[in-house]
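Notes follow the structure.
Residue numbers (mature numbering (1 follows the signal peptide of the UniProt record, and there is no 0)): -23 to -1, 1 to 440.
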């Protein structure tokens, strides 16, 4: 009897999965806008695929993946590589799905467009399409597939890092504006202290990171690249922080301040650490476990003993693990940015400036009657269609962002390791290092340009 009821319950959900997003929310959920609910569902699908990719790297899964035809052809260490091939194929499936939707949704101007119904509904068919593409991807012959996808993933992940910067800057501006408004409304000392504390905390964490970088990622002789990366990015962060509080900048950018600069500085330190974590030279790239062991059990010498320098033997490159520290931090930043981009809907936000086509779309104000919901068949609809006159964001650009996010996840879970044609395994190489460190420089330059642009382009309105 319970099984029959379960089947009937599932059958009742099928029309909702084939329809719009409004059916997916229960009566206990608050009234929401169609634009936000749709973005959250797409974000959930991407997060779900990320979870599946993580499961593919879990211990014991390699025994099951080895049964897939062609997965272990011409591979020296199949157990170390098969999980990463699975991650590449899952991410490839999601990237193909979002790229197809990005092309399909070009020039959608309102929910009256038939393509808007495909974007906001038909979830059953879209989930079935994702599963179908994933299953088919596992049967793609290896050949140059992994190598080509690595190159595409590196470029896509680079651009998504820049999108993360835009989202972080928007979050910092919103955070600063919110606390400044509360500070002006009442109890200014409390909010000023909170603002100052958060800013100082970010700078303190950045300073600690720089000290740890010099201690563990540099050597008195050697590791020249790391010394340059750390010093150069530190100088750039100091220059950007000073620029953000100059009188001319404050005059044209009243909401600019050290809070935003501190967040950008901390993010730059993460990118620097992530780049150094991909260096092929293990002497200049200790693992997090080695760093912890050095801190926890420092080597102690007798009082009269003389330290004898010992040249460590080159350590072989071990098979990468997805739970590496920099990968976990990258996943956390990715999840926060993805959720923020899905929820953020202010017309003044950088998120909408990123995803909105100014020539074709407008930001709609909430109508007085919208708060109560649309009444249809005697029931209040959970999701309100606020895009009948114009879309709230560019569907095509949003899917393009998720396409880049899929490639970023692929590179993050595989630690940006590339396939080696000689050893038939994944290794860390310098191109990944330079892509990451150059992205930190581009991020700083973009933030610097956002500060000085009103001074250079005086005929444009940046409000």
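Yeah, the Cβ is synthetic: ideal placement off N, Cα and C, and Gly gets one too.
Being a predicted model, the structure only gives us computed values, none of them experimental.
Beta-bridge pairing by DSSP links residue 233 to no other residue.
Between the alpha carbons of residue 261 and residue 206 lies a distance of about 12 Å. Looking at the backbone, the Cα of residue 120 and that of residue 189 are separated by about 41 Å.
If you compare the alpha carbons of 197, 410 and 225 with that of residue 255, the shortest gap goes to 410.
The segment 71 to 85 and the segment 368 to 378 touch, with three or more beta-carbon pairs separated by less than 8 Å. Put simply, of 99, 150 and 66 the residue whose alpha carbon is nearest the alpha carbon of residue 116 is 66. Residue 181 sits exposed, since fewer than 16 C-beta atoms from the chains shown fall within 10 Å of its C-beta. Contact between the segment 241 to 255 and the segment 197 to 215 is present, with at least three C-beta pairs closer than 8 Å. In this structure, DSSP gives residue 87 a state outside helix and strand, which the three-state scheme calls coil. Taken in chain order, the unbroken stretches of alpha helix (DSSP H) that lie wholly in the segment 16 to 46 and span 4 residues or more are 38 to 42. Where residue 153 is concerned, the enclosing alpha helix (DSSP H) starts and stops at 122 to 162. The C-beta separation of residue 235 from residue 221 comes to about 6 Å, placing the pair in contact by the 8 Å criterion. Between the segment 153 to 170 and the segment 94 to 114 there are fewer than three C-beta pairs closer than 8 Å, too few to call the two in contact. Note on the segment 198 to 246: whole alpha helix (DSSP H) runs with a minimum of 4 residues are 201 to 221 and 224 to 229, in chain order. Residue 218 sits buried, since 16 or more C-beta atoms from the chains shown fall within 10 Å of its C-beta. Contact check for residue 304 and residue 392: beta-carbon distance about 6 Å, within the 8 Å limit, so the pair qualifies. The alpha-carbon separation between residue 437 and residue 431 amounts to approximately 7 Å.
Each residue's CA atom was taken as its position, placing residue 318 and residue 20 some 9 Å apart. Collapsing the DSSP output to three states places residue 436 in coil. Nearest in C-alpha terms to residue 259, of all of 406, 61 and 111, is 406.
For residue 431, the secondary structure class from DSSP, reduced to helix, strand or coil, is helix. Judged by DSSP in its simplified three-state form, residue 303 adopts helix. In the displayed model, residue 260 falls within coil according to three-state DSSP, outside both helix and strand. In the DSSP assignment, residue 165 falls within the alpha helix (DSSP H) that extends over 165 to 193.
When the beta-carbon positions are compared, residue 195 and residue 417 stay at least 7 Å from each other.
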